[in-house]
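Here the protein sequences come in this chain order: Z and W. Going from the first sequence to our numbering is simple: count from 1 and add 79. Going from the second sequence to our numbering is simple: count from 1 and add 109. Since the structure comes first, as structure tokens, the remarks are kept for the end.
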Amino acid sequence: MTQRLYQYVTPFIYPLFPAEVGALVVNYSVQNVLTFLTAPNFNGEFTLNLAMFSDGQERSREAVAIPVEDGVAEIPSIVRRFQGEGLGYVEVGIVADRPAFTKVMTVQGYGLFVQPGRGSMTFGSDLKFARGPIIEQIARFGVFCMQHTASYVDKSRNIGNSLLLINPYRQPILARLASSSGGQLRQRIDSHCAVMVPVTTLVENGNWETVMITANNRTTVFDVRHAYDDPNCLNNIDHIDFMNGWSTHDRRSPPRVARLVARRLGRAAGIYLS
Amino acid sequence: MVCVCFETTRGTIERHLADPNNNYDTLVESTGVGTKCTACLLDLDLVVHEATGQHADSRVVTDARPVAQGHGIKVPFDQSNSGLLINRDGITTHIRVANFGPMFQSMPYSVNYRYRVLAVTEDGRVTARARGAFGFGEDVSIDLGALPGVPADGWFLFDLYPQQEGFMGSIRPQIALVGPGWVTTYHPQYQSVACRGRGIVLQGVDGRFATAVHLINADRRETRLEFRLRSLESDFTANFTRTLGRYASALQDLDQAFPGAPRNELLDVFVASDHPVRKHVVNRLSDGAMSVDHFPNFK
């Protein structure tokens, strides 16, 4: 049976902040995509597409042609710096000149956010579409749902927290946010826009809370930690989790079950830590 | 007109929902509203909310059944998470885990959990333990700094044991480092997806990287680690090697490891090891706040 191949890999979405806040650095490893997702000794041409959206407008777009010979990319990785005029996002995706990829998902892309005079922070990007657990979630629960388990604000200690909602699609999105203490909020995100939503109206001051987000389409959400009195003074960016539609159990062959049981017994007896 | 595709008016929707035997699902089934071009979903949501007090996007299938993937014998998925632990200089480490259904709604296949926490010193000794349980609809905060014997620096294991089959749902933990005037959170990873080699990008600010790589060797064997630093903007390369004992961890400062590296260039730091090692990148900001993320996994 021939393996199904795809012509594209799902784009990564990176959050973009105004230039006065800092710069986004994206390093896309073309060679990683080749190593994990194509047949050995692949020959052909990839095109890496990089687009920057800020304040709802496309501000830049670049297509980089990358010849591949015997599984080696002429340009193994692409590095670009982005600075937005306002809030936005950067979308980076790769297509081949013919079906070439065994999966549409690849190793998570990482970004670097550099704040002059303050420091840098590393964070993982999110995927524009095709994330298996989200497809499974919608199939099982009939609803799109993201969740963040550790929302926290403390005004007296100047600890702030916001969610950055990004809509990289062509239709507007209406999102609803709810917290474990009963807070509710609705937020519209226009096409190709990003919106920072402070969680101060959702969670109680000084309490750890869970915040959930649903919407009429999937939306990309990042957790942003910042000073309470200055949302531009960032100290952490991270993607948030999806409500997972997978089972707590999986099925394994008898030898693998035996190894797992041995490992767990060893753990319980203190022979192994993990 | 709300839905042009199916010629559904506001009056049609309101009349349909006025019948107590009807609901949003029957509206969609009988009219098809909102299922073609989807442009009307925002307006539809407002009309449905005015008519019923419910949101069109709040439908949750609450009788969904979990499906165990793969072939063979059904066993609980191995949820053994590891992460870095700091308990000094006013910084504490907290584990947060929540057990809710989608949008806090109930599910017939909800799961209760037991958990186990081990706190391990940098030289590989388990000095603090805790066990507990929580049910569906609960969330838990575990302040590792409050456990007797917890080390100043090290790592932890957090194992989750589902008591019956259900959905994973919201169970993925979050780890919060709480400092004086800041909070940072990161996702712990399954120790089973630790890898032998992965890299991240790095750039100095004001002449310093202010970046460290946290390493966890959850294996019974000592491992040798090689850090390969490569500039993405010049020909600069440098290597640094170290070892890590069994069950040991370390916070490797990259300014100390690579004193001669250019701080103003973008660099790739690749960390390779003899056997799988869990890695996190820890950035320190000028005001002392931290940013943490895990290295990519093997998949």
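Don't be surprised by glycine CBs; every beta carbon is placed ideally from N, CA and C.
Note down, in chain order, each residue of its chain lying with its Cβ closer than 8 angstroms to the Cβ of residue 273/W, except the 5 sequence neighbours on either side. By one-based count along the second sequence, residue 273/W stands at place 164. Answer for residue 273/W: 220 and 221, listed in chain order.
Can you tell which of 173/Z, 171/Z, 182/Z and 249/Z has its C-alpha closest to the C-alpha of residue 135/Z? Along the first sequence, read from residue 1 onward, the residue named residue 135/Z stands at position 56. Per the Cα distances, 249/Z.
What's the C-alpha gap between residue 252/Z and residue 269/Z? If you number the first sequence from 1, residue 252/Z lands on position 173. If you number the first sequence from 1, residue 269/Z lands on position 190. Going by the C-alpha atoms only, they are around 6 angstroms apart.
I'd like the ranges of any beta strand (DSSP E) spanning at least 3 consecutive residues and lying wholly in the segment 164–236 of chain Z. 167–175, 189–194, 198–203 and 225–230
Let me know the secondary structure DSSP gives residue 334/Z once reduced to three states. To locate residue 334/Z, count along the first sequence from 1; it is residue 255. Reduced to three states, the DSSP call for residue 334/Z is helix.
Residue-level contact to chain W via CB, residue 224/Z, 8 angstroms cutoff: Taking the first residue of the first sequence as position 1, residue 224/Z is located at position 145. Output row for residue 224/Z: interface = yes.
Rounded C-alpha distance that separates residue 416/W from residue 353/W: Examination of residue 416/W is not possible in this model, given that chain W is present from 110 through 408 alone.
With a threshold of 8 angstroms between beta-carbons, can residue 294/W be considered close to chain Z, or not? By one-based count along the second sequence, residue 294/W stands at place 185. Closer than 8 angstroms: yes.
Buried or exposed, going by whether 16 or more other CB atoms sit within 10 Å of the CB of residue 119/Z? In the first sequence, the residue the question calls residue 119/Z occupies position 40. The residue in question, residue 119/Z, is exposed, as its Cβ has fewer than 16 Cβ neighbours within 10 Å.
Using the Cβ count rule (16 or more neighbours within 10 Å means buried), how would you classify residue 120/W? The count along the second sequence starts at 1 and reaches residue 120/W at position 11. Counting Cβ neighbours within 10 Å, residue 120/W comes out exposed, since fewer than 16 surround it.
Check whether the Cβ atoms of residue 61/W and residue 388/W sit closer than 8 angstroms, and answer yes or no. A query on residue 61/W cannot be resolved here, the shown segment of chain W reaching from 110 to 408 and no further.
Just to confirm, does residue 267/Z get its C-beta within under 7 angstroms of one of the non-hydrogen atoms of the ligand ZN? This structure simply doesn't include the ligand ZN, nor any ligand for that matter.
Under a three-way DSSP split, which group does residue 277/W fall into? As a first step, residue 277/W must be located in the second sequence, where it is residue number 168. Three-state DSSP puts residue 277/W in a strand.
Closest Cβ-Cβ distance between residue 393/W and chain Z: below 8 angstroms? On the second sequence, residue 393/W is found 284 positions in, with the first residue counted as 1. Yes, residue 393/W lies at the interface with chain Z (some Cβ there is under 8 angstroms from its Cβ).
Opposite residue 287/Z in the DSSP bridges: which residues? Counting from one through the first sequence, the residue named residue 287/Z turns up at place 208. According to DSSP, which records beta bridges pairwise, residue 287/Z is partnered with nothing at all.
Rounded to the nearest angstrom, what separates residue 257/W and residue 265/W at their Cα positions? Locating residue 257/W in the second sequence gives position 148, where the first residue counts as 1. Locating residue 265/W in the second sequence gives position 156, where the first residue counts as 1. Rounded to the nearest angstrom, the two C-alpha atoms are 14 angstroms apart.
Alpha-carbon to alpha-carbon, residue 398/W and residue 314/Z: For this step, residue 314/Z is matched to residue 235 along the first sequence. For this step, residue 398/W is matched to residue 289 along the second sequence. Those two C-alpha atoms are separated by around 6 angstroms.
Is residue 159/Z close to chain W? Criterion is C-beta to C-beta, closer than 8 angstroms. Within the first sequence, residue 159/Z is the residue found at index 80, counting from 1. No - not a single Cβ of chain W is within 8 angstroms of the one on residue 159/Z.
In or out: residue 288/Z buried (at least 16 other Cβ within 10 Å) or exposed? The residue given as residue 288/Z occupies position 209 in the first sequence. It is buried - the Cβ of residue 288/Z has at least 16 other Cβ atoms within 10 Å.
With distances taken between CB atoms, is the gap from residue 247/Z to residue 277/Z smaller than 8 angstroms? On the first sequence, residue 247/Z is found 168 positions in, with the first residue counted as 1. On the first sequence, residue 277/Z is found 198 positions in, with the first residue counted as 1. No, the pair does not count as a contact, with Cβ atoms beyond the cut-off.
Per-residue contacts from residue 197/Z into chain B (C-beta, under 8 angstroms): No chain B appears in this structure, whose protein chains are Z and W.
Report yes or no: is there a C-beta of chain Z within less than 8 angstroms of the C-beta of residue 178/W? Position 69 of the second sequence, counted from the first residue, corresponds to residue 178/W. Cβ-Cβ to chain Z under 8 angstroms: yes for residue 178/W.
Using only CA atoms, which one of 186/Z, 226/Z, 198/Z and 105/Z lies nearest to residue 243/Z? Numbered from its first residue, the first sequence carries residue 243/Z at position 164. It is 226/Z.
One or two residues paired with residue 320/Z in a DSSP bridge: Locating residue 320/Z in the first sequence gives position 241, where the first residue counts as 1. DSSP lists 226/Z as partners of residue 320/Z.
Leaving out five residues on either side along the sequence, give the residues of the same chain with a beta carbon under 8 angstroms from the beta carbon of residue 301/W. As a first step, residue 301/W must be located in the second sequence, where it is residue number 192. Cβ neighbours of residue 301/W beyond the five flanking positions: 187 and 189.
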